[in-house]
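Novice: Protein chains in written order, with this note's numbering: chain A, 9 to 357; chain B, 9 to 357.
Cβ atoms here follow ideal geometry from the backbone N, Cα and C, with glycine treated the same way.
Owing to the predicted nature of the structure, the values given are computational and were not obtained by experimental measurement.
Have a look at the structure that comes next, please.
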DNA sequence: CTGAAAGCGCTAACAC
DNA sequence: GTGTTAGCGCTTTCAG
């Protein structure tokens, strides 16, 4: 059994072994109808015997289509991005595509050219830009149009005209969390925000502010403090709030990791939760139901959102491919859900 | 400026625009020395102006080398695998390779042929098999040799002769955790294990058992219970242990997520930790220092291990490429670290 | 230093 | 039904 170097069996080798032309082998591999049953069977047997694996590379080159998607992410060490990636890989797989993954070393980078080059040079059919909007990291897309030659779907950013964006409604989440605390009878509801160069952090905070304003409750500069998503930062923020907002009876914390830290600090000071201080988080970590006490939180379904993003990009690719009039690029916003557990349920209410 | 369809600028277009042959453009792109300065400058200008991006696909085809690695993982929704992937992406990037990612829908699947085909058909230069060993999911590799035609490095499995494996020493971790509790003066140290079809779970448990035996302490069938890594499962396991091992004064819990649940149950029952019950976990989640009380745990550096795995695969690829005698495939085992926090430090000791 | 020819593995378009 | 020809975008080899 002759083989080319590196052990890759070529279509030509299969063809000659089966006594047909490469074209016929190609037809069999792609299950085209116009092959005689007998021929097909014979070729298939040879394919199996020689363990022939068609080269997707060669096919991509000629078809100008790779059935490969590029995904750009950042912060894989956090749970959010990995859940997102989880959804992406699954959806991509189901759609019959492969996935080329790029992780940005810094989330707020504006240097995206090398990333594009790496993806485009490998002929990806489309790109999912799953890096959250932080600082100016959307500038390269909005100011000077990159026109990378392939469609891009963006995740987790401010919807912009003409760009297909898939996001969770963080503003709504902030409102829901705060409204829930108001309903529970809390009247001095503080906020520990995420880092405010993050779009998501600003949205959650805006939701908090609007919900309080509408309820006629205070939401001034003394009533919130900025964290950086980490548990450590929340301990400091709590300190600040305790000083500058002594009447505070509840906090909407911008993520569960920070909320956990607030729980710990409260436990250390003998502060009762939810009696003395009501807490609502954001994210719904797998651990959150097992905090002391179990944490009320806003659930973001990264997974579903990722699936939507993949569906969108594939829709665009297929329509471009069919030469249809380019699809209008619309945005999708997914509502989060409130999960009520113990940390926010006022006793005796 | 003429372009082929799909907006891809070809080397031929650049060549004709610069008034040279494609060969010369190729030389410039690959920074070969044998080009006149003047020609090089001119070509480079045209490349920039036309935004020419060489096709890595075409190059891969001819060079029989793609500078792309395949990574196969599972359970991306858990923190461990995503940390691993985090390390992989970073190391792969630094080495100048791209990464094709496949996530297995089920961790214990033995159906690996389609996964290989997808990777091999895209000409990956090597594969990192980062799926933990569970049940029989290593059978396909060990019984009938797959010989996929490219080198594979395996992560998180029992070292086997002839296969390059990179793992954390889970057995040692189990010993360290248990020995620490013994040192603290605990004498009835139970274990909540992971699911025992997982190699890692068996290793951790073996470490617990051996450490106790050597200390002359009991480690019988009544002294441990099986969990499934989830917080919920640990609550049940604790129930069981409390009944069948009433003298129990400490527990080595096989991961932090389960340990958290033990902490919560203890808090509910008014059981003091570490006074009434000492706890050591395994993993070191980012949240673990913020539990109530802060959790002593075994830190696994997934990140570093992943970097080692990438370094190994690239070493093998390069040596194969240079036609050197195939490298001996050796295994690497990385020691974990004990992180002592409050949950295991006996008061008054 | 530069270019022409051949071909990586495959498929589209056409012939028979 | 099946084979032949051409060529995807690039690099290798060999002339000049």
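Where does residue 15 of chain A land, buried or exposed, given buried means 16+ other C-beta within 10 angstroms?
Specialist: Answer is exposed; the Cβ neighbour count stays below 16.
Novice: Kindly indicate the opening and closing residues of the alpha helix (DSSP H) around residue 348 of chain B.
Specialist: Counting along the chain, residue 348 of chain B falls outside any alpha helix (DSSP H), and DSSP gives it neither H nor E.
Novice: If we define contact as Cβ-Cβ less than 8 Å, is residue 344 of chain A a contact residue for chain B?
Specialist: No - not a single Cβ of chain B is within 8 Å of the one on residue 344 of chain A.
Novice: In the structure shown, what three-state DSSP assignment does residue 124 of chain A receive?
Specialist: Residue 124 of chain A: helix per DSSP, three-state reduction.
Novice: In angstroms with no decimal places, state the Cα-to-Cα distance between residue 51 of chain A and residue 320 of chain B.
Specialist: So the two alpha carbons sit approximately 39 Å from each other.
Novice: Quick test of the definition: if touching needs 3 or more C-beta pairs under 8 Å, does the segment 198-206 of chain B touch the segment 228-248 of chain B?
Specialist: These segments touch.
Novice: Specify the secondary structure class of residue 196 of chain A as computed by DSSP and reduced to three states.
Specialist: Residue 196 of chain A falls in the coil class under three-state DSSP.
Novice: Tell whether a beta-carbon distance below 8 Å holds between residue 131 of chain A and residue 74 of chain B.
Specialist: Result no, Cβ atoms of residue 131 of chain A and residue 74 of chain B do not sit closer than 8 Å.
Novice: Report buried or exposed for residue 329 of chain A, applying the criterion of at least 16 other Cβ atoms within 10 angstroms of its Cβ.
Specialist: Exposed, since its Cβ has fewer than 16 Cβ neighbours within 10 Å.
Novice: Which one of B:58, B:311, B:175, B:78 has the shortest CA to CA distance from residue 125 of chain B?
Specialist: Cα-wise, what sits closest to residue 125 of chain B is B:78.
Novice: With three or more C-beta pairs closer than 8 Å as the rule, is the segment 183-199 of chain A touching the segment 213-222 of chain A?
Specialist: At 8 Å Cβ cutoff, the stretches touch.
Novice: Please report how far the alpha carbon of residue 251 of chain A lies from the alpha carbon of residue 232 of chain A, in whole angstroms.
Specialist: Cα to Cα, the separation comes out at about 11 Å.
Novice: What residues match up with residue 110 of chain B in a beta bridge as DSSP calls it?
Specialist: B:80.
Novice: Cβ closer than 8 Å: which chain B residues qualify as neighbours of residue 62 of chain A?
Specialist: Per Cβ cutoff of 8 Å: 129.
Novice: In angstroms with no decimal places, state the Cα-to-Cα distance between residue 325 of chain B and residue 104 of chain B.
Specialist: In a straight line, the C-alpha of residue 325 of chain B is about 13 Å away from that of residue 104 of chain B.
Novice: Are at least three pairs of beta-carbons, each pair with one atom in the segment 277-285 of chain A and one in the segment 51-60 of chain A, less than 8 Å apart?
Specialist: No, the segment 277-285 of chain A is not in contact with the segment 51-60 of chain A.
Novice: Could you tell me if residue 151 of chain B is buried or exposed, where buried requires 16 or more neighbouring beta carbons within 10 angstroms of its beta carbon?
Specialist: Under this definition residue 151 of chain B is an exposed residue.
Novice: Would DSSP call residue 264 of chain B helix, strand or coil?
Specialist: In this structure, residue 264 of chain B counts as helix in the three-state DSSP scheme.
Novice: If contact means a Cβ-Cβ distance below 8 Å, which residues of the segment 15-34 of chain A contact chain B?
Specialist: Cβ contacts with chain B: 15, 16.
Novice: Report the partner residues of residue 319 of chain B according to the DSSP bridge assignment.
Specialist: DSSP, once it has assigned bridges, lists no residue as partnering residue 319 of chain B.
Novice: Short check: CB of residue 190 of chain A to CB of residue 225 of chain A, under 8 Å?
Specialist: Contact: yes.
Novice: Is there at least one Cβ from chain A nearer than 8 Å to residue 250 of chain B's Cβ?
Specialist: False, the Cβ-Cβ gap to chain A never drops below 8 Å.
Novice: Any idea what DSSP makes of residue 255 of chain A, helix, strand or coil?
Specialist: In the structure shown, residue 255 of chain A sits in coil (DSSP, three-state: anything other than H, G, I, E or B).
Novice: Residues of chain A with CB closer than 8 Å to the CB of residue 87 of chain B, please, in chain order.
Specialist: Under the 8 Å cutoff, chain A gives 87, 90.
Novice: Is the CB of residue 245 of chain A under 8 Å away from at least one CB in chain B?
Specialist: Taking Cβ atoms only, chain B never reaches closer than 8 Å to residue 245 of chain A, which makes this a no.
Novice: Below 8 Å on the Cβ atoms is my guess for residue 298 of chain A versus residue 268 of chain B; work out the distance and round it to an integer in Å.
Specialist: Contact holds; Cβ gap of about 5 Å.
Novice: Ordered along the chain, which non-local residues of its own chain (more than five positions away) have a Cβ less than 7 Å from that of residue 9 of chain A?
Specialist: Only weak support exists for where residue 9 of chain A lies, its pLDDT of 35 falling under 50; the value from the coordinates is given anyway. So the qualifying residues of the chain are 58.
Novice: Which residues of chain B have a Cβ atom closer than 7 Å to the Cβ of residue 275 of chain A, listed in chain order?
Specialist: Per Cβ cutoff of 7 Å: 300.
Novice: Tell me the DSSP secondary structure of residue 291 of chain B in three-state form.
Specialist: Residue 291 of chain B falls in the strand class under three-state DSSP.
Novice: Hey, would you say residue 163 of chain A sits closer than 8 Å to residue 136 of chain A, going by beta carbons?
Specialist: In this structure, residue 136 of chain A lies closer than 8 Å to residue 163 of chain A by Cβ.
Novice: Tell me which same chain residues have a C-beta within less than 7 Å of the C-beta of residue 176 of chain A, skipping the five on either side of it?
Specialist: Result list for residue 176 of chain A: 308, 313, 342, 344, in chain order.
Novice: Determine contact between the segment 191-200 of chain A and the segment 242-257 of chain A, defined as no fewer than three beta-carbon pairs at a distance below 8 Å.
Specialist: Yes, the segment 191-200 of chain A is in contact with the segment 242-257 of chain A.
Novice: Just confirm the distance between the C-beta atoms of residue 99 of chain B and residue 338 of chain B, as a whole number of angstroms; I'd bet it's less than 8 Å.
Specialist: In fact, because the Cβ distance is near 19 Å, the residues do not count as touching under 8 Å.
Novice: Mind listing the chain B neighbours of residue 350 of chain A? Cutoff is C-beta to C-beta under 9 Å, in chain order.
Specialist: Here the premise fails: no neighbours, minimum Cβ distance about 11 Å.
Novice: Does the distance from the C-beta atom of residue 97 of chain A to that of residue 109 of chain B stay below 8 Å?
Specialist: Yes; because the gap between Cβ atoms is below 8 Å, this pair is in contact.
Novice: Going along chain A, which residues have a C-beta under 8 Å from residue 291 of chain B?
Specialist: Ordered by position in chain A, no residue passes the 8 Å Cβ test against residue 291 of chain B, which lies about 11 Å from the chain.
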